[in-house]
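Just so we're aligned, residue 1 is where the sequence shown starts under the UniProt record's numbering, counting upward by one.
All C-beta atoms in this analysis are idealised placements derived from N, C-alpha and C, irrespective of residue type, glycine included.
Nothing here was measured: the structure is a model prediction, and the numbers come from that model.
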Amino acid sequence: MSDKELLRIENLEIRYETDDGVVKALNDVSLYVNEGETLGLVGETGAGKTTLAKGILRLIQTPPGHIVGGKVFYDGKDVLSMTEQEMHQIRGNAISMVFQDPMTSLNPVMTVGEQIEEVIAVHNPDIGKEEIRARAIAMLGRVGISADRIDEYPHQFSGGMKQRVIIAIALACNPKLLLADEPTTALDVTIQAQVLEMIRKLKNEMNTAMILISHDLGVVAQTCDRVAIIYAGRIVETGNLYDIFKNPQHPYTVGLLDSIPSLTKETKRLNPIKGLMPDPTNLPSGCPFAPRCNYASSECSAAVPELEESGSGHFVRCIRKEGR
1 MSDKELLRIE NLEIRYETDD GVVKALNDVS LYVNEGETLG LVGETGAGKT
51 TLAKGILRLI QTPPGHIVGG KVFYDGKDVL SMTEQEMHQI RGNAISMVFQ
101 DPMTSLNPVM TVGEQIEEVI AVHNPDIGKE EIRARAIAML GRVGISADRI
151 DEYPHQFSGG MKQRVIIAIA LACNPKLLLA DEPTTALDVT IQAQVLEMIR
201 KLKNEMNTAM ILISHDLGVV AQTCDRVAII YAGRIVETGN LYDIFKNPQH
251 PYTVGLLDSI PSLTKETKRL NPIKGLMPDP TNLPSGCPFA PRCNYASSEC
301 SAAVPELEES GSGHFVRCIR KEGR
């Protein structure tokens, strides 16, 4: 892992204009990822995790979605000011994405080999068909699929094998940054562990940085160097793995950790966070977590707290920055 910054997001805001109102999907999000680093992005369903990943690659469907503010710098260049042709060179080549559902991410009428070859050919127009084929076979081998299956179709593969194919497609051009959107959600626990181990091994071999989107803190603990907690479209806490798991500061982070079953303590019931995330078309004034927070005061509803440093590299968006 390097200290050189690869990706920086500054004050990113994304909105979806719907018949029910304006969905405030991302609100003033700032993050960074260094070369070779794995950042875990954690939050409930609807927190804005996938929207953030799509925003980095400018894959927000317009309409209804719009990037209304902020900047995204990749390798020092502002992605949001690039032309579509420049983005074409970035997507799949410098930055790749593994989407959430392997069942719907592959083209059912193309062989898995053709789908890997397509990515290689698009970004390497000067190489011949034989070399493209050889690279596709090699990439399948790296994800644990034998060469004799290269001409088979997605329906001939299990869910875990399909996810391996998707990862092979994403890594085919040796990108510097991988966006992995809950890559193991649709898989059973045993296959999850195998796929995560494979991702770790490949990213280390290729020195690829990764943003791992997940709601599973166990997966994050095994995989990530740093963690960012997102709630209602805002980053509420970010720090290294030790800071987040051993010294959580934001009540939401504490609630997420307290809701995990313990192997060492006997409890009759889990301790979930009360209530639900707020409607993104009608966010509460002040701190969006205040309606669910056990420590909320009138001050919490007055204004959204700033993301402030509470320790070296540990940032928290809360007026009450205390440990567990």
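PHE73 (DSSP reduced to helix, strand or coil) | The answer is strand: DSSP assigns PHE73 an E or B state.
Just curious, the beta strand (DSSP E) that PHE157 is in, first and last residue?
-> For PHE157, there is no enclosing beta strand (DSSP E), as DSSP marks it with neither H nor E.
Buried or exposed: MET103, going by 16 or more other Cβ atoms within 10 Å of its Cβ?
-> Burial is judged here by how many other beta carbons sit within 10 angstroms of a residue's own beta carbon; MET103 has fewer than 16 and is exposed.
What is the DSSP secondary structure of ALA228, reduced to helix, strand or coil?
-> Look at ALA228 here: in three-state DSSP terms it is strand.
Residue range of the alpha helix (DSSP H) that includes GLU131 = Element bounds for GLU131: 129-142.
Could you tell me whether the region 83-103 touches the region 48-67, where touching means 3 or more Cβ pairs closer than 8 Å?
-> Yes: at least three Cβ pairs fall under 8 Å.
Rounded to whole angstroms, what's the CA-CA distance from GLY275 to GLY286? Just pull it up for me.
-> Their backbone Cα atoms lie some 17 Å apart in a straight line.
Where does GLY323 sit, in a helix, a strand or coil, going by DSSP?
-> With a pLDDT of only 43 at GLY323, under 50, the local geometry of the prediction cannot be trusted, and the value read off the model is given with reservation. For GLY323, the three-state secondary structure derived from DSSP is coil.
Extent of the continuous alpha helix (DSSP H) run through VAL122 | Where VAL122 is concerned, the enclosing alpha helix (DSSP H) stretches over 112-123.
Counting pairs of Cβ atoms below 8 Å between the region 58-72 and the region 230-240, do you hit three or more?
-> No, the region 58-72 does not touch the region 230-240.
Among GLY21, ALA25 and VAL68, which one has its Cα closest to the Cα of THR51?
-> Measuring from the Cα of THR51, the nearest candidate turns out to be ALA25.
By a C-beta neighbour count over all protein chains shown, 10 Å radius and 16 as the cutoff for buried, is ASN27 buried or exposed?
-> Answer is buried; the Cβ neighbour count reaches 16.
Secondary structure at residue 326, three-state DSSP: helix, strand or coil?
-> The chain is shown from 1 up to 324; residue 326 falls before or after that span and cannot be answered.
Grab me the residues of ARG317's own chain with a C-beta within less than 6 Å of its C-beta, minus the 5 sequence neighbours each way, in chain order.
-> The beta carbon of ARG317 lies closer than 6 Å to those of VAL236, PRO305 and LEU307 in the same chain, with the five residues before and after it left out.
Coil, strand or helix - LYS24 by DSSP = Three-state DSSP puts LYS24 in a strand.
Between the Cα of LYS77 and the Cα atoms of LYS49, ASN247, ILE319 and GLU10, which residue gives the shortest distance?
-> Closest option to LYS77, Cα to Cα, is GLU10.
If you follow the alpha helix (DSSP H) that GLY255 is part of, which residue opens it and which one closes it?
-> Note, GLY255: alpha helix (DSSP H), 251-258.
Secondary structure of ASP279, DSSP reduced to three states | In the structure shown, ASP279 sits in coil (DSSP, three-state: anything other than H, G, I, E or B).
From the DSSP output, read off the bridge partner residues of GLY311.
-> Answer is HIS314, bridged to GLY311.
Can you give me the Cβ contacts of GLU117 inside the same chain, cut-off strictly under 7 Å, excluding the 5 residues immediately before and after it?
-> The residues are ILE132, ARG133 and ALA136.
Going by other Cβ atoms of all chains shown within 10 Å of its Cβ, with 16 needed for buried, is THR238 buried or exposed?
-> Buried is the call here.
Would you grab the beta carbon distance between LEU106 and ILE166 for me? Rounded to a whole angstrom, and I think it's under 8 Å.
-> Confirmed, Cβ separation roughly 7 Å.
N-terminal and C-terminal residue of the alpha helix (DSSP H) that LEU196 is part of = First-last of the alpha helix (DSSP H) with LEU196: 189-206.
Please name the residue, chosen from GLY40, SER30, PRO288 and ILE14, that lies closest to LEU178 on a Cα-to-Cα basis.
-> Answer by Cα proximity: GLY40.
Is it true that the CB of SER214 sits closer than 8 Å to the CB of VAL72?
-> If you check the CB distance, VAL72 and SER214 do not come in under 8 Å.
If you pair each beta-carbon of the region 9-23 with each one of the region 173-189, do three or more pairs fall below 8 Å?
-> Look at the beta carbons and you see the region 9-23 not touching the region 173-189: under three pairs across the two are nearer than 8 Å.
Assuming ASP225 and ASN247 make a contact with CB atoms under 8 Å, what is their CB distance in whole Å?
-> Contact between ASP225 and ASN247 is ruled out by a C-beta separation of about 16 Å, above the 8 Å threshold.
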